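K.L.:
Please see the structure below; I have some questions.
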């Protein structure tokens, strides 16, 4: 099942997650794609609320989890000022995937988004969608 264009920040402005609806929709999916911007080495509070409310142990067993995260700066890496790679900062998602029995796929990350030309971004997005 493909669920495109769903944005939890528009659906749940008051942080009240419709657990039954989300569980039903995601329960029918083979892959869960979690896409978000990273701010201050973390993800948005609403995404954490969504995760807390619907990611119950065992419910997602056998499904794939793909994290797609964007980072505004381009200073992620062992030799850079942040000292951590973008993928390392996403390790809580990997831990959640393992805890819930999901297959954690290699994350799709974009760093330096603020300075990235649109053509480069679109080419990278085509790679994740399998259209390029």
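In full-length UniProt numbering, the protein residues as written are 1 to 132. Don't be surprised by glycine CBs; every beta carbon is placed ideally from N, CA and C. All values derive from a computational prediction rather than experimental measurement.
Please go through the same chain and pick out, in chain order, the residues whose beta-carbon is closer than 7 Å to the beta-carbon of residue 49, but skip the five residues on each side of it.
P.N.:
15 and 17
K.L.:
Kindly provide the ranges of any beta strand (DSSP E) runs that are 3 or more residues long and lie completely inside the UniProt domain "Flavodoxin-like fold" (17-114), ordered along the chain.
P.N.:
The UniProt domain "Flavodoxin-like fold" (17-114) contains, as complete beta strand (DSSP E) runs of 3+ residues, the segments 31-38, 64-71 and 108-110 (chain order).
K.L.:
Just the C-alpha distance for residue 97 and residue 103, rounded to the nearest angstrom, thanks.
P.N.:
Going from the Cα of residue 97 to the Cα of residue 103 covers about 6 Å.
K.L.:
Taking the alpha carbon of residue 40 as the reference point, which residue from 34, 7, 64 and 82 has its own alpha carbon closest?
P.N.:
82
K.L.:
So what does DSSP say about residue 124, is it helix, strand or coil?
P.N.:
helix
K.L.:
So residue 99 and residue 69 are in contact, right, with Cβ under 8 Å, and what is the actual spacing, rounded?
P.N.:
19 Å between Cβ atoms; not a contact.
K.L.:
What does a CB cutoff of less than 8 Å around residue 61 pick up in its chain, not counting 5 residues either side in sequence?
P.N.:
100, 101 and 102
K.L.:
Enumerate in chain order the residues of its own chain whose CB-to-CB distance from residue 4 is below 7 Å, with the five nearest sequence positions on each side excluded.
P.N.:
Only weak support exists for where residue 4 lies, its pLDDT of 49 falling under 50; the coordinates are left without a value.
K.L.:
If residue 109 and residue 87 are in contact, beta carbons under 8 Å, what's the gap, nearest whole angstrom?
P.N.:
7 Å
K.L.:
Is residue 54 near residue 23, with beta carbons less than 7 Å apart?
P.N.:
Cβ atoms of residue 54 and residue 23: closer than 7 Å.
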